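A.B. asks: In the numbering used here, the protein residues as written are 6 to 273. For every residue, glycine included, the Cβ atom is placed at its ideal position computed from N, Cα and C. In this text, all values refer to a predicted model and were calculated from it rather than measured experimentally. Supplied in structure tokens, the structure appears directly below.
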Ligand SMILES: [Zn+2]
């Protein structure tokens, strides 16, 4: 099962802007969290963007089609003239087909998990990411950036929106939410998205035994987040180990020089 995650807007296109918050930033936060969840649940995931870059809507649909995604999730935040407008709605090309059912499940999951008003499924046939994608596709208008309370949820709890969207996908597919209490003992068991971070920790000797990492899903996720924000401070090799390595190097150099000297003496 291949899922395409499309973080709305990006780069020169900031999307809606309200209360000092750009839509392109909240959509990316939600999507990065959503990516982790879906990969941890065993899905194959690709994304339109993982950084602040611009992609046209035509390119977004084409990339997902070329990759032959099974589902397409576009994540946005809503905006309205009135600051009173609030809640979640999910846009879909149809109401009764696969896209409509997926949209309904995601709208219900967001509404119930975040306690937001459910504005339901809105049929939109004019949107390129919905009318040019060849797989069930939805555009999630998570909440209103123009409403102070909604904006607080969007900026403060992006991972809650990600969890709710993932729950909507699981519901649509009839899947159980994966066991998050699982523990990982070796690098091979670690989800692919977290392996580079754990490799770093292993290389720096943070774990005594690389066959008994004893990491929970939450610990792995925390390490990855710290690494992603550049605040993962791993202790350097201990001073003793460094001194030992330097001594061994010096010893080897001495032996080599001594052998060369002896060879020279014999030759004379
Ligand atoms: Zn948008």
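With a Cβ-Cβ cutoff of 8 Å, do residue 35 and residue 167 count as a contact?
C.D. replies: Cβ distance < 8 Å, so residue 35 and residue 167 count as in contact.
A.B. asks: Heavy atom of ligand 1 less than 7 Å from the Cβ of residue 21, yes or no?
C.D. replies: Answer for residue 21: yes, Cβ within range of ligand 1.
A.B. asks: Between the alpha carbons of residue 87 and residue 148, how many angstroms are there, rounded?
C.D. replies: If you take the alpha carbons of residue 87 and residue 148, they lie about 14 Å apart.
A.B. asks: Going by DSSP, which residues form a beta bridge with residue 83?
C.D. replies: 149.
A.B. asks: Does the contact criterion of 3 or more C-beta pairs under 8 Å hold for the region 141-157 versus the region 87-105?
C.D. replies: As far as the Cβ criterion goes, the region 141-157 touches the region 87-105, which means the pair count is three or higher.
A.B. asks: Closer than 7 Å: is that where the CB of residue 13 sits relative to any heavy atom of ligand 1?
C.D. replies: The answer is yes for residue 13.
A.B. asks: Kindly give me the distance between the Cβ atoms of residue 137 and residue 220, rounded to whole angstroms, as I take these residues to be in contact under 8 Å.
C.D. replies: Their Cβ separation, rounded to whole angstroms, is 41 Å, which puts residue 137 and residue 220 out of contact at 8 Å.
A.B. asks: Can you name, in chain order, every residue of its own chain whose Cβ lies under 6 Å from the Cβ of residue 11, other than the five neighbours on each side?
C.D. replies: Answer for residue 11: 53, 65, 79, listed in chain order.
A.B. asks: Give the straight-line distance between the Cα atoms of residue 246 and residue 253, rounded to the nearest whole angstrom.
C.D. replies: Straight-line Cα distance between these residues: approximately 11 Å.
A.B. asks: Alpha carbon to alpha carbon, what distance is there between residue 26 and residue 82?
C.D. replies: So the alpha carbons of these two residues sit roughly 11 Å apart.
A.B. asks: Starting from residue 44 and walking both ways along the beta strand (DSSP E), at which residues does that stretch end?
C.D. replies: Per DSSP, residue 44 belongs to no beta strand (DSSP E); it is in the alpha helix (DSSP H), 28-45.
A.B. asks: Suppose the cutoff is 6 Å on Cβ atoms and the five residues either side in sequence are ignored; what does the same chain contact list for residue 108 look like?
C.D. replies: The residues are 95, 97, 126, 143.
A.B. asks: What do you reckon, is the C-beta of residue 190 under 7 Å from a heavy atom of ligand 1?
C.D. replies: No.
A.B. asks: At which residues does the beta strand (DSSP E) containing residue 195 begin and terminate?
C.D. replies: Per DSSP, residue 195 belongs to no beta strand (DSSP E) and is neither H nor E.
A.B. asks: Count the CB pairs spanning the region 191-206 and the region 65-75 that are closer than 8 Å, and state whether there are at least three.
C.D. replies: The region 191-206 is not in contact with the region 65-75.
A.B. asks: Does the beta carbon of residue 94 fall short of 7 Å from some heavy atom of ligand 1?
C.D. replies: For ligand 1, not one heavy atom lies less than 7 Å from the Cβ of residue 94.
A.B. asks: DSSP three-state call for residue 99: helix, strand or coil?
C.D. replies: Coil at residue 99, not helix or strand.
A.B. asks: With respect to the beta strand (DSSP E) encompassing residue 179, which residues constitute its N-terminal and C-terminal limits?
C.D. replies: Unbroken run through residue 179: none, as it is neither H nor E.
A.B. asks: For residue 46, which of 197, 111, 210, 122 has the nearest alpha-carbon?
C.D. replies: Per the Cα distances, 197.
A.B. asks: What number of angstroms, rounded off, separates the C-alpha of residue 117 from the C-alpha of residue 210?
C.D. replies: Cα-Cα distance, rounded: 44 Å.
A.B. asks: Measure the C-alpha to C-alpha separation of residue 113 and residue 165 and round it to an integer number of angstroms.
C.D. replies: Going by the C-alpha atoms only, they are around 14 Å apart.
A.B. asks: Taking the alpha helix (DSSP H) that residue 233 falls in, what are its first and last residues?
C.D. replies: Here the alpha helix (DSSP H) through residue 233 covers 222-233.
A.B. asks: So what does residue 266 bridge to, in DSSP terms?
C.D. replies: Paired residue(s): none; residue 266 is not in a bridge.
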